[in-house]
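What follows is a short report on a single structure.
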Amino acid sequence: MSETISGGHLVAKALKAEGVDVIYTLCGGHIIDIYDGCVDEGIEVIDVRHEQVAAHAADGYARITGKPGCAVVTAGPGTTDAVTGVANAFRAESPMLLIGGQGALSQHKMGSLQDLPHVDMMTPITKFAATVPSTERVADIVSMAFRECYHGAPGPSFLEIPRDVLDAKVPLEKARIPEPGHYRASTRQQGDPEAIERLADLLAHAEKPCILLGSQVWTCRGTDAAIDFVRSLNVPAYMNGSGRGTLPPGDPHHFQLSRRYAFTEADLIIIVGTPFDFRMGYGKRLSPTAKVVQIDLDYRTVGKNRDIDLGIVGDAGLVLAAAAQAASGRIENGAARRKEWLEELRAVETQAYEKRLPRQLSDAQPIDPYRLVHEINEFLTEDTIYIGDGGDIVTFSGQVVQPKSPGHWMDPGPLGTLGVGMAFAMAAKQARRDKEVLCLFGDGAFSLTGWDFETMVRFDLPFIGIVGNNSSMNQIRYGQAAKYGEDRGRVGNTLGDIRYGDFAKLLGGYGEEVRDPAEIRPALERARQSGKPSLINVWVDPEVYAPGTMNQTMYK
Ligand SMILES: Cc1ncc(C[n+]2csc(CCOP(=O)(O)OP(=O)(O)O)c2C)c(N)n1
Ligand SMILES: [Mg+2]
Numbered sequence: 006m007s008e009t010i011s012g013g014h015l016v017a018k019a020l021k022a023e024g025v026d027v028i029y030t031l032c033g034g035h036i037i038d039i040y041d042g043c044v045d046e047g048i049e050v051i052d053v054r055h056e057q058v059a060a061h062a063a064d065g066y067a068r069i070t071g072k073p074g075c076a077v078v079t080a081g082p083g084t085t086d087a088v089t090g091v092a093n094a095f096r097a098e099s100p101m102l103l104i105g106g107q108g109a110l111s112q113h114k115m116g117s118l119q120d121l122p123h124v125d126m127m128t129p130i131t132k133f134a135a136t137v138p139s140t141e142r143v144a145d146i147v148s149m150a151f152r153e154c155y156h157g158a159p160g161p162s163f164l165e166i167p168r169d170v171l172d173a174k175v176p177l178e179k180a181r182i183p184e185p186g187h188y189r190a191s192t193r194q195q196g197d198p199e200a201i202e203r204l205a206d207l208l209a210h211a212e213k214p215c216i217l218l219g220s221q222v223w224t225c226r227g228t229d230a231a232i233d234f235v236r237s238l239n240v241p242a243y244m245n246g247s248g249r250g251t252l253p254p255g256d257p258h259h260f261q262l263s264r265r266y267a268f269t270e271a272d273l274i275i276i277v278g279t280p281f282d283f284r285m286g287y288g289k290r291l292s293p294t295a296k297v298v299q300i301d302l303d304y305r306t307v308g309k310n311r312d313i314d315l316g317i318v319g320d321a322g323l324v325l326a327a328a329a330q331a332a333s334g335r336i337e338n339g340a341a342r343r344k345e346w347l348e349e350l351r352a353v354e355t356q357a358y359e360k361r362l363p364r365q366l367s368d369a370q371p372i373d374p375y376r377l378v379h380e381i382n383e384f385l386t387e388d389t390i391y392i393g394d395g396g397d398i399v400t401f402s403g404q405v406v407q408p409k410s411p412g413h414w415m416d417p418g419p420l421g422t423l424g425v426g427m428a429f430a431m432a433a434k435q436a437r438r439d440k441e442v443l444c445l446f447g448d449g450a451f452s453l454t455g456w457d458f459e460t461m462v463r464f465d466l467p468f469i470g471i472v473g474n475n476s477s478m479n480q481i482r483y484g485q486a487a488k489y490g491e492d493r494g495r496v497g498n499t500l501g502d503i504r505y506g507d508f509a510k511l512l513g514g515y516g517e518e519v520r521d522p523a524e525i526r527p528a529l530e531r532a533r534q535s536g537k538p539s540l541i542n543v544w545v546d547p548e549v550y551a552p553g554t555m556n557q558t559m560y561k
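Taking the numbering used here, the leading residue of the sequence shown gets 6, the next gets one more, and so forth.
This is the structure we're talking about:
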């Protein structure tokens, strides 16, 4: 008799081939054969309390490890619960596979338990969405879905596997099982050589260049090339999204607070791996006279929303390395001439920093949010992965918190999804046990997915959680009060005064309440020492708002 294999075991083999060593899941009768396959392949199964968390964790795992993440959820409500996580990965260009259960093919369209048109629902928010039609093809289609994740800029794929397809056993020799390393090619492209030469030329002539290092610098693991580029060509660098931390704070080429000034005054602006979306004012806030260069993994992103002078499609690291190389061949690459420009920007930077410093050191009670994010910034080590999940409080942190190492900053990305924090902390700590993980939550954001604190306890995933608690959805409240007046500004945005430190203790973690700013640092130290998942609930002033919130820049 020939050896047989079931669909769930074929899924596990295909995951193993891709190097995936954990799945995030919430159980259901449609998907249990995948768990059984994972046991055989040595793939860890992390079961969470809400499928949104499973999908966000798969997204987070991809960002941290550079490998695709995988979430497995049951049919119907399991899959719909995961939609937000897939959507977030889609906008954030994060490669992950969501596998959803489905009713048996033999009951197709008969009204089986939890039946929904998952593929139709997932198609607009994935790079690839399909049904697995037969057991023999399970591993084949899983590998196909992974291949599709890396087409252009990365993103999510979705597969639904009907219950009878998953559970059936087929002769092993009839199943196509792609070999690790043999079913997809490298996506690393260096860019059109002519365009690289033109970029070197633009750099040689630029007096006031600047560069924005976006998320794809980290996606492509182009950190070293980016550092070499800015140093050898003496170009001031700004960082956003996962690109934060490419250069360490204090580096002479690390700039943050003078970005708007630089974008207005520069004669050459190089945008790497970030689209002209709302975070970039759709490209409208760049000097109309500057030469604008855009480098991106995705052909469709280059030149979208704004004309550019030069577009290069390719891998951020390879393109920057090639451009630095091409420029170094020239006698005069402009580097020396740019000393004054860097000094000019540094002066703007220092002025902005000093203006804000009294707020960062404020002893006010209730606590000024600037003081909280200042304390967090001081507390971060080179090995702390920082995660922001919230509204106004996270907008404050975006101005002040500077990760000390590349790949140590996580935010939802352009979907702006509240509720990513716990999942990102879970994935980060699970994938990198050697790292410290710190997550700042808004109280509103925390309450969306906070029950998964219990999963952190159950899987012994210590992290430092901080709730910036203003008993409100403050970022939204600001806009309401401004538009409808203070007396109507409190509709639909008020939360209870919840002691989240007690919530942490209830679930088996470490918790504290902080009302005195002088107590923030000692409380953070104790959370660090506890070795447990923790929540430090910091009561912040609900009556102050971040400048970004007050300008409502996200809608402009
Ligand atoms: C899933 C989701 N729902 C709603 C929103 C809209 N939203 C943006 S900021 C915000 C308020 C968040 O409150 P909190 O996390 O407490 O942060 P705060 O602004 O109070 O500092 C809301 C509801 C969103 N971005 N994501
Ligand atoms: Mg709040």
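Glycine included, C-beta positions come from ideal geometry on N, C-alpha and C.
*Pick out every residue whose C-beta is nearer than 6 Å to a heavy atom of ligand 2: which are they, in chain order?*
For ligand 2, the selected residues are Gly447, Asp448, Gly449, Asn475, Ser477, Met478 and Asn479.
*Option in Ile166, Leu31, Gly219 and Tyr550 with minimal Cα separation from Glu98*: Here residue 98 refers to the residue found at position 93 when the sequence shown is read from its first residue. Residue Gly219 is the option with its Cα nearest to Glu98.
_Lys72 to Val27 span [Cα, whole Å]_ = Taking the first residue of the sequence shown as 1, we reach residue 72 at position 67. Taking the first residue of the sequence shown as 1, we reach residue 27 at position 22. When rounded, the distance between both Cα atoms is 11 Å.
*Around the C-beta of Pro159, are 16 or more other C-beta atoms found within 10 angstroms, so that it is buried, or is it exposed?*
Here residue 159 refers to the residue found at position 154 when the sequence shown is read from its first residue. Pro159 comes out buried.
*Report whether the distance from the Cβ of Gly424 to the nearest heavy atom of ligand 1 is below 8 Å.*
Along the sequence shown, read from residue 1 onward, the residue named residue 424 stands at position 419. At least one heavy atom of ligand 1 is found less than 8 Å from the C-beta of Gly424.
*Where does Leu110 sit, in a helix, a strand or coil, going by DSSP?*
Counted from its first residue, the sequence shown places residue 110 at position 105. The DSSP-derived three-state label of Leu110 is helix.
*asked:* In this structure, how does DSSP classify Lys174 when only helix, strand and coil are distinguished?
replied: As a position in the sequence shown, residue 174 is number 169, starting the count at 1. Reduced to three states, the DSSP call for Lys174 is strand.
*In chain order, what residues of the same chain lie with their CB nearer than 7 Å to the CB of Thr128, ignoring the 5 residues before and after it?*
Start at 1 with the first residue of the sequence shown, and residue 128 comes out as number 123. The residues are Ala134.
*Is Phe508 near ligand 1, judged by its Cβ being under 8 Å from some heavy atom?*
For this step, residue 508 is matched to residue 503 along the sequence shown. Flag unset: Cβ of Phe508 not near ligand 1.
*Cys225 in three-state terms, based on DSSP*: As a first step, residue 225 is located in the sequence shown; it is residue number 220 there, counting from the start. Here Cys225 sits in coil by DSSP.
*Under a Cβ-count criterion, where at least 16 other Cβ atoms within 10 Å of its own Cβ denotes burial, should Ser191 be classed as buried or exposed?*
In the sequence shown, residue 191 corresponds to position 186, counting from 1. When all chains shown are included, Ser191 counts as exposed.
_Closer than 8 Å is the cut-off here; do at least three beta carbon pairs connect the stretch 436-447 with the stretch 329-341?_
Contact check between the stretch 436-447 and the stretch 329-341: fewer than three CB pairs, one atom from each, fall below 8 Å, which does not count as touching.
_Beta-carbon spacing of Gly288, Gln195 below 9 Å_ = Mapped onto the sequence shown, residue 288 falls at position 283. Mapped onto the sequence shown, residue 195 falls at position 190. Result no, Cβ atoms of Gly288 and Gln195 do not sit closer than 9 Å.
*Can you tell me the Cβ-Cβ gap for Pro82 and Gln119, rounded? I've got them flagged as a contact below 8 Å.*
Reading the sequence shown from its first residue, position 77 is the one you call residue 82. Reading the sequence shown from its first residue, position 114 is the one you call residue 119. Sure, about 7 Å apart at Cβ, within 8 Å.
*Is it buried or exposed for Leu177, if we count other Cβ within 10 angstroms and need 16 for buried?*
Position 172 of the sequence shown, counted from the start, is the residue given in the question as residue 177. Exposed is the label assigned to Leu177, since fewer than 16 other Cβ atoms lie within 10 Å of its Cβ.
*Just confirm the distance between the C-beta atoms of Ile541 and Gly470, as a whole number of angstroms; I'd bet it's less than 8 Å.*
Counted from its first residue, the sequence shown places residue 541 at position 536. Counted from its first residue, the sequence shown places residue 470 at position 465. For a cut-off of 8 Å, the C-beta gap from Ile541 to Gly470 is around 7 Å, short enough to register as a contact.
*asked:* Taking the beta carbon of His3 as the centre, do at least 16 other beta carbons fall within 10 Å, making it buried, or is it exposed?
replied: In this structure the chain extends from 6 to 561, so residue 3 is not present and cannot be described.
*asked:* Ile232 and Leu217 - do their beta-carbons sit closer together than 9 Å?
replied: Along the sequence shown, one-based indexing puts residue 217 at 212. Along the sequence shown, one-based indexing puts residue 232 at 227. No; because the gap between Cβ atoms is not below 9 Å, this pair is not in contact.
*Go through its chain and collect everything with a Cβ distance to Pro183's Cβ below 8 Å, but skip five positions before and after it.*
Walking along the sequence shown from the start, residue 183 turns up at place 178. So the list reads Ala19, Ala22, Ala144, Asp145 and Ser148, once near-sequence residues are dropped.
*Can you check DSSP and say which residues form a bridge with Asp301?*
Locating residue 301 in the sequence shown gives position 296, counting from the first residue. Note: Asp301 sits in a beta bridge opposite Val318.
*Look at the Cβ atom of Leu110, then the Cβ atom of Val78, and state whether they are nearer than 9 Å.*
Along the sequence shown, read from residue 1 onward, the residue named residue 110 stands at position 105. Along the sequence shown, read from residue 1 onward, the residue named residue 78 stands at position 73. No, the pair does not count as a contact, with Cβ atoms beyond the cut-off.
*asked:* With H, G and I counted as helix, E and B as strand and the rest as coil, what does DSSP make of Leu15?
replied: Counted from its first residue, the sequence shown places residue 15 at position 10. Under the three-state reduction of DSSP output, Leu15 falls in the helix class.
*List the endpoints of the continuous beta strand (DSSP E) containing Asp394.*
Indexing the sequence shown from 1 puts residue 394 at position 389. According to the DSSP assignment, Asp394 belongs to the beta strand (DSSP E) that extends over Thr389 to Asp394.
_Three-way DSSP call (helix, strand, coil) for Cys32 in this model_ = If you number the sequence shown from 1, residue 32 lands on position 27. If DSSP states are grouped into helix, strand and coil, Cys32 belongs with coil.
*Going by beta carbon distance, what residues of the same chain come within less than 6 Å of Met478, once the five residues before and after it are set aside?*
What you label residue 478 is simply residue 473 of the sequence shown in a count that begins at 1. Same-chain partners within the cutoff: Gly449 and Asn498.
*Give every residue of the same chain whose Cβ lies closer than 7 Å to the Cβ of His156, excluding the five residues on either side of it in the sequence, and list them in chain order.*
Looking up residue 156 in the sequence shown gives position 151. Taking His156 as the centre and dropping the five residues before and after it, the same chain places the C-beta of Lys132 closer than 7 Å to its C-beta, in chain order.
*Please name the residue, chosen from Ile10, Ala63 and Ala60, that lies closest to Asp45 on a Cα-to-Cα basis.*
For this step, residue 45 is matched to residue 40 along the sequence shown. When each option's Cα is compared against that of Asp45, the closest is Ile10.
*asked:* Looking only at its chain, what residues have a beta carbon closer than 7 Å to the beta carbon of Thr454, apart from the 5 residues adjacent to it on each side?
replied: Here residue 454 refers to the residue found at position 449 of the sequence shown. Shown here for Thr454: same chain residues with a beta carbon closer than 7 Å to its own, the five before and five after excluded, namely His55, Gln57, Val58, Gly424, Met427 and Ala428 in chain order.
_So, at 6 Å on beta carbons, what are the nonlocal neighbours of Arg203 in its own chain, with the 5 sequence-adjacent residues on each side left out?_
Residue mapping note: residue 203 aligns to position 198 of the sequence shown, counting from 1. Leu315.
_Check whether the stretch 32-41 and the stretch 379-397 touch, using three or more Cβ-Cβ pairs below 8 Å as the test._
These segments do not touch.
_Distance between beta carbons of Gln221 and Ala321, contact taken as under 8 Å_ = Locating residue 321 in the sequence shown gives position 316, where the first residue counts as 1. Locating residue 221 in the sequence shown gives position 216, where the first residue counts as 1. Sure, about 5 Å apart at Cβ, within 8 Å.
_Segments of 3+ residues assigned as beta strand (DSSP E) that fall wholly inside the stretch 416-449_ = 441-447, all fully within the stretch 416-449.
*List the endpoints of the continuous alpha helix (DSSP H) containing Ile48.*
Locating residue 48 in the sequence shown gives position 43, where the first residue counts as 1. Taken as a continuous stretch (DSSP letters only), Ile48 belongs to no alpha helix (DSSP H), as it is neither H nor E.
*Less than 9 Å separating the beta-carbons of Ala94 and Pro161?*
By 1-based counting over the sequence shown, the position of residue 94 is 89. By 1-based counting over the sequence shown, the position of residue 161 is 156. In this structure, Pro161 lies closer than 9 Å to Ala94 by Cβ.
*Inter-residue Cα distance where the pair is Asn239 and Asp368*: Counting from one through the sequence shown, the residue named residue 239 turns up at place 234. Counting from one through the sequence shown, the residue named residue 368 turns up at place 363. Taking the straight line from one Cα to the other gives about 39 Å.
_Quick check on the DSSP output: the beta strand (DSSP E) that includes Thr5 runs from which residue to which?_
Lying outside 6 to 561, the shown extent of the chain, residue 5 is not represented and no answer is given.
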